[in-house]
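Structure first, then comments.
Here you go:
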């Protein structure tokens with residue numbers, strides 16, 4: 001467990017600049033909260049808030065799709081895997097690192113959102129429920145991206161992830177909403193995108209549970225595939 | 237003696253992007269025993285790094301099997317007892333002390349034991365004064381020394397070093413050599429892959445030479461160096477024409493004969509009324525052996541302990 005924690009902390013440390021860039025958007029929302037009138041600009045606030053959610057998922061996919069490739073390309077992975085670290089621990093460390101990065105972003109988004117949107121009339125409970133949905137959507141998206149990154153380079157891993165996450169959403173439009181549950185990342189993000197001050201929605205507990213279970217299954221699958229792969233060969 | 241590292245008919249092939257295969261290692265068998273310092277030689281592309289990466293579990297063999305400290309290659313818990321330095325080591329850009337502590341932590345070390353070990357190792361590689369400086373701002377040689385410190389931080393039973401002195405200046409090379417000798421004296425097994433043959437000649441008990449993925453020589457360093465099988469004889473009181481290839485200088489006739497005909501040659505000198513001045517077994521340098529084996533036909537060197 002200690003090894004997993006060290007790899008996760010190391011990942012966050014290595015990705016501190018992208019995380020900081022992501023956090024700048026949250027800071028922007030906070031600054032606007034100080035400057036603008038919360039009641040008159042509440043739809044603008046909500047738009048920025050939703051936009052931040054989409055950025056969070058996009059960054060999670062970016063982190064997941066490039067993590068292994070970057071480590072292999074720089075050959076830093078050799079020094080790490082030469083220690084008493086199994087491939088499963090390595091993948092776990094990366095996924096937990098991504099989850100921590102996503103949590104840092106989501107929690108700061110939740111704090112800023114419940115203040116700014118709270119001033120505009122939203123309940124803090126609603127905001128935090130959306131934040132949990134967002135975090136799970138991010139973690140599930142990252143798990144899909146990490147799975148593909150064990151096989152593909154970052155570009156193809158990102159494309160494959162986008163297709164995997166997008167197909168259930170498109171299928172839901174044509175064949176019914178239950179298709180969206182196949183991989184519920186989009187459905188969870190959609191909770192945030194559909195949020196409005198006027199209507200309240202129930203917390204999608206089954207979707208959340210499904211996202212957790214699928215993330216675990218994808219993590220196990222990625223670990224198994226990664227344990228079969230050669231890590232010390234040219235990656236391009 | 238127990239076997240610490242073993243390759244048993246190990247082969248590794250790489251697939252080319254445009255079809256076809258490259259054989260990096262073919263039917264490779266080797267045993268490294270506990271406590272020995274083992275030199276692993278071969279030209280670029282011979283398969284040395286591939287063999288090391290297979291042992292470390294970075295890749296899987298196409299055929300064959302191997303063990304490290306009694307466990308199959310790739311066994312994570314076993315690697316806690318192994319120190320590894322990759323060729324052109326790549327490390328995270330952060331202060332040297334934090335970095336070595338990170339790698340020690342990955343081997344399950346923590347607390348004051350880890351802290352004191354980190355300082356000890358940075359001191360051993362001559363970087364204690366630079367412990368708080370970022371590795372990203374270090375010279376290539378300094379990075380290599382941090383790499384050595386991270387390989388040694390867990391006090392490994394088996395040390396696998398892939399070109400450890402490649403980027404080092406002569407002074408740092410001497411330091412590394414002393415480190416290796418100290419490791420050997422404390423009973424550790426060292427598996428050293430290097431291009432610096434003089435270095436290997438000085439520190440290794442046994443050597444293996446690899447060429448085009450195949451083992452072409454294996455044996456004790458001293459035996460390999462004597463395996464030239466030639467003796468130089470210096471005599472006086474005989475004609476220079478008595479032995480083919482002989483030269484004369486200040487009345488001394490100098491010639492070289494195979495070890496097998498040394499006795500007959502000495503008797504011939506005496507029978508011609510001459511006097512033997514000296515008999516010198518000819519030692520080849522590891523470089524000469526290496527060049528002969530790697531530029532010739534890949535065939536196991538005769539007369540060596542395979």
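Protein chains in written order, with the numbering used here: chain A, 1 to 236; chain B, 237 to 542.
Ideal Cβ positions, reconstructed from N, Cα and C, are used throughout, including at glycine.
Note that this is a predicted model, so its numbers are computed, not measured.
| Asked | Found |
| --- | --- |
| Nearest candidate by alpha-carbon position, reference residue 290 of chain B, set B:280, B:322 and B:273 | B:322 |
| Proximity below 7 Å, CB of residue 11 of chain A to CB of residue 116 of chain A | no |
| Bridge partner(s) assigned by DSSP for residue 484 of chain B | B:489 |
| Closer than 7 Å to chain B by CB, residue 83 of chain A | yes |
| Distance CB(residue 241 of chain A)-CB(residue 126 of chain A) smaller than 7 Å | Outside the modelled stretch of chain A, which goes from 1 to 236, sits residue 241 of chain A, for which no answer is possible. |
| Collapsed DSSP secondary structure at residue 535 of chain B in the structure displayed | Note that residue 535 of chain B scores a pLDDT of 41, beneath 50, so its modelled location is shaky; the value from the coordinates is reported in the next line. If DSSP states are grouped into helix, strand and coil, residue 535 of chain B belongs with coil. |
| Closest Cα partner of residue 240 of chain B within the set B:506, B:263, B:254 and B:273 | B:273 |
| Near-chain B residues of the stretch 77–104 of chain A - C-beta to any C-beta below 7 Å | 78, 79, 80, 81, 82, 83, 84, 85 and 86 |
| Beta-carbon proximity check, residue 98 of chain A vs residue 226 of chain A, cutoff 7 Å | no |
| C-beta contact flag for residue 473 of chain B and residue 435 of chain B at 7 Å | no |
| Cα-Cα separation between residue 120 of chain A and residue 329 of chain B, rounded to whole angstroms | 44 Å |
| Contact set between the stretch 205–236 of chain A and chain B, restricted to residues whose Cβ is under 8 Å from the partner | 228, 230, 231, 232 and 233 |
| Chain B contact for residue 150 of chain A (CB, 7 Å cutoff) | no |
| Within chain E, partners of residue 257 of chain B - CB distance below 9 Å | Looking for chain E here will not work: the only protein chains present are A and B. |
| Buried/exposed call for residue 190 of chain B, threshold 16 Cβ in 10 Å | Summary: the structure shown does not reach residue 190 of chain B, with chain B confined to residues 237 through 542, and so no result is reported for it. |
| Minimum C-alpha distance to residue 388 of chain B - residue among B:370, B:283 and B:419 | B:419 |
| Segments assigned beta strand (DSSP E), at least 3 residues, entirely inside the stretch 65–91 of chain A | none |
| Any C-beta of chain A under 7 Å from that of residue 538 of chain B | Model confidence at residue 538 of chain B stands at a pLDDT of 39, short of 50, so the residue's coordinates are unreliable; what they give is reported in the following sentence. No - not a single Cβ of chain A is within 7 Å of the one on residue 538 of chain B. |
| Pairwise C-alpha distance: residue 248 of chain B and residue 256 of chain B | 14 Å |
| Residue 299 of chain B - partner residues in DSSP beta bridges | B:247 |
| Chain B within 7 Å of residue 6 of chain A, Cβ atoms only | yes |
| Beta carbon proximity, residue 243 of chain B to chain A, threshold 7 Å | no |
| Residue span of the alpha helix (DSSP H) that contains residue 154 of chain A, given as start and end | 154–175 |
| Contact list for the stretch 288–311 of chain B against chain A, Cβ threshold 8 Å | 289, 292, 293, 294, 295 and 296 |
| Residue 27 of chain A to residue 109 of chain A span [Cα, whole Å] | 9 Å |
| Test item: CB-CB of residue 158 of chain A and residue 60 of chain A under 7 Å | no |
| From A:67, A:196 and A:55, residue whose alpha carbon lies closest to that of residue 123 of chain A | A:196 |
| At least three beta-carbon pairs within less than 8 Å, the stretch 488–508 of chain B to the stretch 300–316 of chain B | no |
| Alpha-carbon spacing of residue 536 of chain B relative to residue 530 of chain B, whole angstroms | Bear in mind that the predicted position of residue 536 of chain B carries a pLDDT of just 44, short of 50, making it too unreliable to give a figure here. |
| Beta-carbon proximity list for residue 229 of chain A, same chain, < 7 Å, skipping 5 on both sides | 150 |
| Residue 273 of chain B - DSSP class collapsed to helix/strand/coil | strand |
| Run of the beta strand (DSSP E) containing residue 190 of chain A, from where it starts to where it stops | Note, residue 190 of chain A: premise wrong, no beta strand (DSSP E); alpha helix (DSSP H) at 185–193. |
| Beta-carbon neighbours of residue 327 of chain B, restricted to chain A and to distances below 8 Å | 76 and 79 |
| Stretch-stretch touch, CB-based, cutoff 8 Å, three pairs: the stretch 272–287 of chain B with the stretch 210–224 of chain A | no |
| Paired residues, beta bridge with residue 267 of chain B - DSSP | B:242 |
| Residues sharing a beta bridge with residue 318 of chain B, DSSP | B:394 |
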